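Written out below as structure tokens is the structure these notes cover.
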Amino acid sequence: MTSSPNEDLLLQLLTAALSDMGNSRPKRFERALAYQAESLSPAAEELAHEDLVRGALEKCNATHPLVEVWRRKLTDWDFVQGPMWSQNPERTQSRRDDVYGLLGLTEGMRKLLDDLVPVSRAEGPVVISDDFIPWYTPQSVQGRAWYWPAYRSYLEAKGWSSEAVAGLDVSTDAVVERLADPTQPAVYQSKGLVVGYVQSGKTANFAGVIAKAVDAGYRLIIVLGGTLNMLRAQTQRRLDMELVGRENILRGASEYESDYANDPAWIQGRFTSFGDLPSARGAVDVVRLTTRDDDYKSLLQGITALEFEKQEPALPLYDPRNLHRSKARLMVVKKHKTVLARLVKDLKKIKTPLSEIPVLIVDDESDEASVNTSNLAKPDAERSAINLKISELLQLLPRAQYVGYTATPYANVFVDPSNAEDIFPKDFIVSLPRPDGYMGARDFHDLDSPIPEEERNFANSNELAHVRNISVHEGNGDDDFCLQQAMDMFVLTAAMKLYREDRGGLGDRYFQHHTMLIHESVRTEVHRELLGKVTGMWWNSGYMGPDGHRRLRDLFESDLAPVSAVRAEGQAVPASYDELAPYVGPAVTRIGGDDNPIIVVNGDKDIETGEADFDKRSIWKILIGGQKLARGFTVEGLTVSYFRRRAGNASTLMQMGRWFGFREGYRDLVRLFLGRAEIVGSKEIDLYAAFEAICLDEELFRTELAQYATMIDGSPQVTPDQVPPLVSQHLPWLKPTSPNKMYNARLVELRSPGQWQEPTAYPVRAADLRHNTDLWTPVLEALSPRVEPLAYHFPPEGDRGAVTHRFDALVGSLTPGDFLDLVRAVRWGAPSQFAPHLAYLTEINAAGSSDVDDWLVIAPQHTKRGQRLILGGEERSFAWFGRERRRDPLFGAISEPKHRAVPHRIAGSLVDSGDRNTEGLVAPRRGVVVVYPVVEPQHRTEALQAGRLAPERITMVFSFVAPSTARRADGRVLRFTTIDSAREGQAIIDAQ
3 MTSSPNEDLL
13 LQLLTAALSD
23 MGNSRPKRFE
33 RALAYQAESL
43 SPAAEELAHE
53 DLVRGALEKC
63 NATHPLVEVW
73 RRKLTDWDFV
83 QGPMWSQNPE
93 RTQSRRDDVY
103 GLLGLTEGMR
113 KLLDDLVPVS
123 RAEGPVVISD
133 DFIPWYTPQS
143 VQGRAWYWPA
153 YRSYLEAKGW
163 SSEAVAGLDV
173 STDAVVERLA
183 DPTQPAVYQS
193 KGLVVGYVQS
203 GKTANFAGVI
213 AKAVDAGYRL
223 IIVLGGTLNM
233 LRAQTQRRLD
243 MELVGRENIL
253 RGASEYESDY
263 ANDPAWIQGR
273 FTSFGDLPSA
283 RGAVDVVRLT
293 TRDDDYKSLL
303 QGITALEFEK
313 QEPALPLYDP
323 RNLHRSKARL
333 MVVKKHKTVL
343 ARLVKDLKKI
353 KTPLSEIPVL
363 IVDDESDEAS
373 VNTSNLAKPD
383 AERSAINLKI
393 SELLQLLPRA
403 QYVGYTATPY
413 ANVFVDPSNA
423 EDIFPKDFIV
433 SLPRPDGYMG
443 ARDFHDLDSP
453 IPEEERNFAN
463 SNELAHVRNI
473 SVHEGNGDDD
483 FCLQQAMDMF
493 VLTAAMKLYR
503 EDRGGLGDRY
513 FQHHTMLIHE
523 SVRTEVHREL
533 LGKVTGMWWN
543 SGYMGPDGHR
553 RLRDLFESDL
563 APVSAVRAEG
573 QAVPASYDEL
583 APYVGPAVTR
593 IGGDDNPIIV
603 VNGDKDIETG
613 EADFDKRSIW
623 KILIGGQKLA
633 RGFTVEGLTV
643 SYFRRRAGNA
653 STLMQMGRWF
663 GFREGYRDLV
673 RLFLGRAEIV
683 GSKEIDLYAA
693 FEAICLDEEL
703 FRTELAQYAT
713 MIDGSPQVTP
723 DQVPPLVSQH
733 LPWLKPTSPN
743 KMYNARLVEL
753 RSPGQWQEPT
763 AYPVRAADLR
773 HNTDLWTPVL
783 EALSPRVEPL
793 AYHFPPEGDR
803 GAVTHRFDAL
813 VGSLTPGDFL
823 DLVRAVRWGA
833 PSQFAPHLAY
843 LTEINAAGSS
853 DVDDWLVIAP
863 QHTKRGQRLI
873 LGGEERSFAW
883 FGRERRRDPL
893 FGAISEPKHR
903 AVPHRIAGSL
913 VDSGDRNTEG
923 LVAPRRGVVV
933 VYPVVEPQHR
943 TEALQAGRLA
953 PERITMVFSF
963 VAPSTARRAD
973 GRVLRFTTID
983 SAREGQAIID
993 AQ
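Take 3 as the starting number for the sequence shown in my numbering and just add one per residue.
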């Protein structure tokens, strides 16, 4: 639609009408148009009709400014939680219909807006919270909204979508409303935890929380910005640039006196600006007590700057008459004992009573250094250094609110809840949704893929598209071939980025950064060796000559081109290597033209060959590093990762995943080279399997949080002190976090209607194994003599075609009473693992319960003969399955994925299978138990040769799916008892 004066006026009128509704409920649209038109012009009054607006919109595409105005406002109303004007849930069509009704829109206008601005289906934050007193509402907040509206506008100008901004608004509200009201006389110290994804925008969330907290009245903001100078500086700059603003930074000084005078973003005007000091516009100023280059220092001016001014000296600082006329103070402090000690010392010196200051402490990467790692149960034990200083701050500042941010929350939720001086998130845990466009662990794995391995390809397999194995030479143990291939891919993807800038319409310098990360060790001597090795390989790679071009051509044709052909998402892809070749030379020059293609980032000044400061310059380099690049620090433009570093727990390993993040314009180019057979002590470990296990642990944790976040009769179903049992562990050597950070509650009951449950803690004692085999053998003997072919047909979905899971099985049934007697009699290696399930099964199978009519017993059978055992007196043979105790003494996965869909269907948790035999077994209130006679490695030869085994050499294993209808009326799915550390001090997860 070509712009005209009338159309510009209509845009101005529409913007005024919708903006004037602010945070209030939707109001009559035509009346709002008429009201705003009066103050514009007579011409505007002629446009103040819905039919004229609709006519203009009908000519618009989805990105037209008129549509964007509607998108911004409708998205706000779609996302707002619990408004007085709608009883319908957020982000639903029924909520949107409420909005249309209040606006008084015609049916035609409603349909048009639904087409142009569909209701967002984005997930909101998951909140586990104790009861709290609501205070943070537009009606109750007494301060002036200044920093949040400015920050919101900054993000919109930066290109954030309306959905993303509205989502941030909701998730930051969920945090701020659970802090204490800064103006209330009563003292309350709230402690919470916000869980994001690695490199997924947590900083934007806590910047939004800080903005809203300052607007509400918090006057001292302490950000604990990691344990490294570079991470603290990165956080300081981000807050200064996006939140604090030019005027608060300069405070009347010259532009050239700023600590950002040589920063390209400062020079280009990309720091937020208010046009004047906020105090000149009726808001409060923010005084920085730290800068990008300087951490907190114990100086006289520092102490003076900490003094809070009172307009009414007789009243406390938290009184609104003082609070909203007092400047806010912001500091970004490294988590270092000496720095924190300085701050504690200075706070004790100021004249303002500390009990009057509303304080917000934001702890970035809160599971690192902040958590106490000393066993306080031991005599004369002291807290670890950083934890002690944070504890001192919390005691010194009774109005301080503590909010931790992390992507790996396990250490935080294992903190002792009964220790009032510690940082356990007693008040709330907020799990942020996965952002749109984010590339995380799931995007490198094929979790729960229904596609058989032999049918996977670059289009349907994340692993095949993005992951490359590192193999080492059997003789000398070197990995030169794989490392050379990774470097070649780095050059090839650099050329692809230049091609997309030039031929794909992205424009010059669209890709400011292009990096490769080599991470093998934290030891600086290893980095020294790697620097020499990689430098030599670079200069001998011959990228400008025939050998180099031959390697790049082969890699392009075998890897890059076929992956990008199916995953480029509209980005430009050259038809041949010859079309890409002209960009190889400029790419090589961009990387190594200064004779320094490699940057070492580890703190060893002798070998650092360049500063990885992504804020000050464009960086196209290979980075070699360890701990400095393992947590918190964002490696911009990361495209190729070469990773062989080992770690002993999930939190540490996950934080090393610097390849997670946003990869706009080059997602298809991302490659991850991983060690699949790394030696740790006497063990050989697969790093890809390790990351997959972490991903499963993380997704299960988030799924559990989401499941239990639903309120029951207006009360929380789960409070933060009951979260620890939701943490799982998939690999025996990879614990959720360091053993000295583990603490939990005890899970008493787990309700699982319609869900696959697979106990793994089977016994090892011969007598117990014999008992279980004798228990299950009569059940197997009673199964049908005829094998039933069963199947579940998954229809096509998205890019995936139809998939069928099929298997053969023997089938029988048990009454609820017989099944309950059976599972009660089973012996376990760790009874506590099955106890929560048994509590649930006892309730739904007990006499008088109407939850279960019967249990279908399924014994999967191999399609081909072989792997069969004779069991029982009738000499019947049954299929056996080879499994290992991968988490010794616990088994790893037992069931096969193809066996799960049919039981789910029979139990009522999946729709029609499309298979006649399967549908013939479906019945209301029917549960399913799947039985596997398991033979462990030491007995398999005998089983294959003899076809029978002594009962104590067989492990009878089962999985079950309870009927999907077997749920409590109140919706409660968990029951806990909390461990009192003063009496028990034991953890449900083995911390040996």
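Beta carbons are placed, not taken as given, at the ideal position from N, Cα and C, and that holds for glycine.
From a predicted model like this one, the values you see are computed outputs, not experimental measurements.
Burial state of K997, where buried means 16 or more other Cβ atoms lie within 10 Å
Nothing in the structure corresponds to residue 997, since the chain is present only between 3 and 994.
Under the three-state DSSP convention, the category G424 falls into:
The identity of residue 424 in the sequence shown is Asp, whereas the question assumes Gly. Three-state DSSP puts D424 in coil, outside helix and strand.
In chain order, what residues of the same chain have a beta carbon less than 8 Å from the beta carbon of N774, not counting five sequence neighbours either side?
Y764, P765, V828, R829, T957, M958
Please classify M713 as buried or exposed, where buried requires at least 16 other C-beta atoms within 10 Å of its C-beta.
exposed
Same chain, Cβ closer than 7 Å to A832, neighbours up to 5 away in sequence not counted:
A763
Runs of 3 residues minimum, wholly inside the stretch 857–884: which ones carry the beta strand (DSSP E) assignment?
870–873, 878–881
Which runs of the beta strand (DSSP E), 3 residues or longer, sit entirely within the stretch 502–589?
516–521
Which stretch, first to last residue, makes up the beta strand (DSSP E) that contains Q709?
Q709 -> not in any beta strand (DSSP E); alpha helix (DSSP H) instead, spanning 689–710.
Identify the residues that DSSP records as bridge partners of L332: which are they?
I223, R290
Between F796 and G803, what straight-line distance do the alpha-carbon atoms span, to the nearest angstrom?
9 Å
Does the separation of the CB atoms of V216 and A330 fall below 7 Å?
yes
Per DSSP, which one or two residues make a beta bridge with G406?
L195, D365
Cutoff 6 Å; reference Q236; Cβ partners in own chain excluding five residues on either side:
none
Per the contact definition of three or more C-beta pairs closer than 8 Å, is the stretch 247–255 in contact with the stretch 443–453?
no
CB of W148 to nearest heavy atom of the ligand SAH: below 6 Å?
In the structure on display, the ligand SAH does not appear, and there are no ligands present to speak of.
Check whether the stretch 528–540 and the stretch 638–645 are in contact - that is, three or more C-beta pairs closer than 8 Å.
no
Buried or exposed by the 16-neighbour rule on C-beta atoms within 10 Å, applied to A124
buried
Counting only runs of 3+ residues fully inside the stretch 782–863, write out the beta strand (DSSP E) ranges in chain order.
790–796, 805–816, 856–863
Exposure label - N746; buried when at least 16 CB within 10 Å:
Confidence at N746 is low in this model, with a pLDDT of 41, below 50, so the placement of that residue is unreliable and no value is reported for it.
Does the beta-carbon of Q940 have 16 or more other beta-carbons within 10 angstroms, so that it is buried, or is it exposed?
exposed
Look at the Cβ atom of A589, then the Cβ atom of L500, and state whether they are nearer than 7 Å.
yes
Is it a yes or a no for the stretch 610–626 touching the stretch 593–602, going by three-plus beta-carbon pairs under 8 Å?
yes
Counted within 10 angstroms of its Cβ, other Cβ atoms place L35 as buried (16 or more) or exposed:
buried
So, helix, strand or coil for I431, using DSSP?
strand
Stretch pair the stretch 802–816 + the stretch 882–902: three plus CB contacts closer than 8 Å
yes
Please tell me whether E47 and E32 are closer than 7 Å, where the distance is taken between their beta carbons.
no
Please state whether the Cβ-Cβ distance between L707 and I130 is less than 7 Å.
yes
Rounded distance between the beta-carbons of E179 and V167, thought under 8 Å
About 18 Å; that fails the 8 Å criterion.
How long is the line joining the alpha carbons of E571 and L946, rounded to whole angstroms?
51 Å
Go through its chain and collect everything with a Cβ distance to A711's Cβ below 7 Å, but skip five positions before and after it.
V128, V129, I130
Alpha-carbon spacing of Q201 relative to L434, whole angstroms
12 Å
Does I860 pass the burial test, meaning 16 or more other C-beta atoms within 10 Å, or should it be called exposed?
buried
Which one or two residues does DSSP pair with E686 in a beta bridge?
I681
Taking 8 Å as the limit between beta carbons, can you name the residues of its chain near L107, skipping five residues before and five after?
F31, E52, L115
I'd like to check one pair, D855 with R772: are the Cβ atoms closer than 7 Å?
no
What are the start and end residues of the alpha helix (DSSP H) that includes Y149?
149–159
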